[in-house]
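Asker: Residue numbers (our numbering): 32 to 290. Below is the structure I would like to discuss, written out as structure tokens.
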DNA sequence: ATGTCGGCATTGTGCCGA
């Protein structure tokens with residue numbers, strides 16, 4: 032089973048890019064972030080015509096997540112538990128029914144800039160809720176995958192110019208600590224389980240020729256519970272997508288599971 | 001630090017978020 036996470040930066044602006052990608056790469060499951068669309072305005076038809084089941088959790092203008100799946104989806108839930116007053120659309124989860132059932136979670140973690148400030152407080156609060164929910168998911172002992180735009184640079188090696196991000200919400204010590212607390216519940220960070228070293232990025236700013244200079248950061252991650260990690264046979268970043276026509280500022284990250 | 005982009009409110013362009 033091939034699963035990809037992809038921050039598309041606006042589904043309406045990116046529709047041709049995303050459809051070309053689906054036709055070429057044929058993921059079984061795709062988790063999309065920053066759809067920037069309400070559910071009623073999401074262009075469902077071209078995805079359903081290609082045989083994808085589609086579940087969205089959108090809002091007007093910002094944020095928004097979606098799950099595409101060629102396999103059946105069951106028990107879909109929307110919104111990260113822990114704060115009924117949180118109106119930002121950043122979490123969706125569903126069970127994908129393949130050779131074995133996998134709980135798949137798509138997330139768009141808050142950016143948090145500027146830090147310090149209320150946006151950073153919201154980020155850390157959201158991560159505390161994520162930790163609590165991840166603990167519950169881990170306790171299920173089912174195969175669980177949590178993937179998306181984490182807006183976290185886990186280590187200095189995950190940035191071309193770490194010094195430029197030292198005071199940014201994506202790399203501050205408190206951000207990294209919150210990410211590690213989640214990983215340390217027992218999750219495997221899929222990419223780093225297979226690839227070491229510098230130079231591996233999933234985001235390049237649109238500004239200042241960041242792609243041309245390979246001035247990137249790695250902020251899109253896949254976390255696997257032990258039961259899911261045991262199924263992983265590959266994980267890769269599709270960096271070449273950043274050089275295509277009308278790219279998102281993020282590229283897809285893929286995992287292959289023997290399921 | 002800022003060389004860009006998407007969406008919104010809104011009809012020409014400035015603001016916000018990233």
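For each residue, glycine too, the CB sits at the ideal point set by N, CA and C.
(1) Measuring only the C-alpha atoms, how far is residue 163 from residue 176?
(2) Express the C-alpha separation of residue 58 and residue 267 in angstroms, rounding to a whole number.
(3) Flag this pair as yes or no: are the beta carbons of residue 96 and residue 138 separated by less than 8 Å?
(4) For residue 46, I'd like the list of residues in its chain whose CB is within less than 8 Å of its CB, leaving aside the five on either flank, ordered along the chain.
(5) Kindly indicate which residue of 203, 251, 166 has the alpha-carbon position closest to the one of residue 35.
(6) Does the beta-carbon of residue 206 have 16 or more other beta-carbons within 10 angstroms, so that it is buried, or is it exposed?
(7) Could you check whether the Cβ of residue 172 sits closer than 7 Å to any heavy atom belonging to the ligand ADP?
(8) Would you call the region 128 to 147 and the region 175 to 194 in contact, with 3 or more CB pairs under 8 Å?
(9) Would you mind working out which of 63, 165, 66 sits nearest residue 111, comparing C-alpha positions?
(10) Would residue 190 pass as a contact of residue 184 if the rule is Cβ separation under 8 Å?
(11) Within its chain, find whatever has a CB closer than 7 Å to the CB of residue 255; leave out the 5 residues flanking it on each side and keep chain order.
(12) For the pair the region 192 to 204 and the region 274 to 282, tell me if three or more CB-CB distances fall below 8 Å.
(13) Could you pull out every residue in the same chain whose Cβ sits closer than 8 Å to the Cβ of residue 228, ignoring the five residues on either side in sequence?
(14) Alpha carbon to alpha carbon, what distance is there between residue 55 and residue 168?
(15) Could you name each continuous beta strand (DSSP E) segment of 3 residues or more that falls completely within the region 81 to 167, going from the start of the chain to the end?
(16) Going by C-alpha to C-alpha distance, which of 102, 242, 285, 214 sits closest to residue 83?
(17) So residue 131 and residue 287 are in contact, right, with Cβ under 8 Å, and what is the actual spacing, rounded?
(18) Would you kindly work out how many angstroms separate the C-alpha atoms of residue 180 and residue 226, rounded to a whole number?
(19) Which one or two residues does DSSP pair with residue 234 in a beta bridge?
(20) Name the DSSP beta bridge partners of residue 39, please?
(21) Keeping to the same chain, check which residues put their C-beta closer than 7 Å to that of residue 235; ignore five residues upstream and five downstream.
(22) Does DSSP put residue 267 in a helix, in a strand, or in coil?
(23) Quick one: grab the DSSP three-state call for residue 216.
(24) Where residue 211 and residue 159 are concerned, what is the direct C-alpha to C-alpha distance, given to the nearest angstrom?
(25) Which residues bound the alpha helix (DSSP H) around residue 180?
Answerer: Checking against the coordinates, here is how it stands:
(1) Position 132 of the first chain, counted from the first residue, corresponds to residue 163. Position 145 of the first chain, counted from the first residue, corresponds to residue 176. About 15 Å.
(2) Along the first chain, one-based indexing puts residue 267 at 236. Along the first chain, one-based indexing puts residue 58 at 27. Cα to Cα, the separation comes out at about 13 Å.
(3) Within the first chain, the letter at position 65 stands for residue 96. Within the first chain, the letter at position 107 stands for residue 138. In this structure, residue 138 lies closer than 8 Å to residue 96 by Cβ.
(4) By one-based count along the first chain, residue 46 stands at place 15. Counting only Cβ-Cβ distances below 8 Å, and skipping sequence neighbours, we find 74, 77.
(5) Along the first chain, read from residue 1 onward, the residue named residue 35 stands at position 4. Nearest of 203, 251, 166 to residue 35, Cα basis: 251.
(6) Position 175 of the first chain, counting from 1, holds the residue named residue 206. Residue 206 should be labelled buried.
(7) Ligands in the displayed structure: none, and consequently the ligand ADP is not present.
(8) yes
(9) Here residue 111 refers to the residue found at position 80 of the first chain. Of the candidates 63, 165, 66, the one whose C-alpha sits nearest the C-alpha of residue 111 is 165.
(10) Translated into the one-based positions of the first chain, residue 190 becomes position 159. Translated into the one-based positions of the first chain, residue 184 becomes position 153. Yes, the pair counts as a contact, with Cβ atoms nearer than the cut-off.
(11) Looking up residue 255 in the first chain gives position 224. Excluding sequence neighbours, residue 255 sits near 176, 218, 219, 221, 263.
(12) no
(13) Looking up residue 228 in the first chain gives position 197. Excluding sequence neighbours, residue 228 sits near 188.
(14) Mapped onto the first chain, residue 168 falls at position 137. Mapped onto the first chain, residue 55 falls at position 24. When rounded, the distance between both Cα atoms is 33 Å.
(15) 84 to 88, 96 to 100, 104 to 109, 122 to 128, 132 to 139
(16) By one-based count along the first chain, residue 83 stands at place 52. Checked all of 102, 242, 285, 214; the closest Cα to residue 83 is 102.
(17) In the first chain, counting from the first residue as 1, residue 131 sits at position 100. In the first chain, counting from the first residue as 1, residue 287 sits at position 256. Residue 131 to residue 287, Cβ: 15 Å. No contact.
(18) Working through the first chain from its first residue, we reach residue 180 at position 149. Working through the first chain from its first residue, we reach residue 226 at position 195. C-alpha separation (whole angstroms): 19 Å.
(19) Locating residue 234 in the first chain gives position 203, where the first residue counts as 1. Answer is 248, 281, bridged to residue 234.
(20) Walking along the first chain from the start, residue 39 turns up at place 8. The partner list for residue 39 (beta bridge, DSSP) is empty, contrary to what the question assumes.
(21) For the purposes of this step, residue 235 is taken as the residue at position 204 of the first chain. Result list for residue 235: 241, 242, 246, 247, 273, 280, in chain order.
(22) To locate residue 267, count along the first chain from 1; it is residue 236. Correct three-state label for residue 267: strand.
(23) As a working note, residue 216 is residue 185 in the first chain. Note: residue 216 maps to coil in three-state DSSP.
(24) As a first step, residue 211 must be located in the first chain, where it is residue number 180. As a first step, residue 159 must be located in the first chain, where it is residue number 128. Looking at the two C-alpha atoms, the distance is approximately 12 Å.
(25) Walking along the first chain from the start, residue 180 turns up at place 149. Note, residue 180: premise wrong, no alpha helix (DSSP H); beta strand (DSSP E) at 175 to 180.
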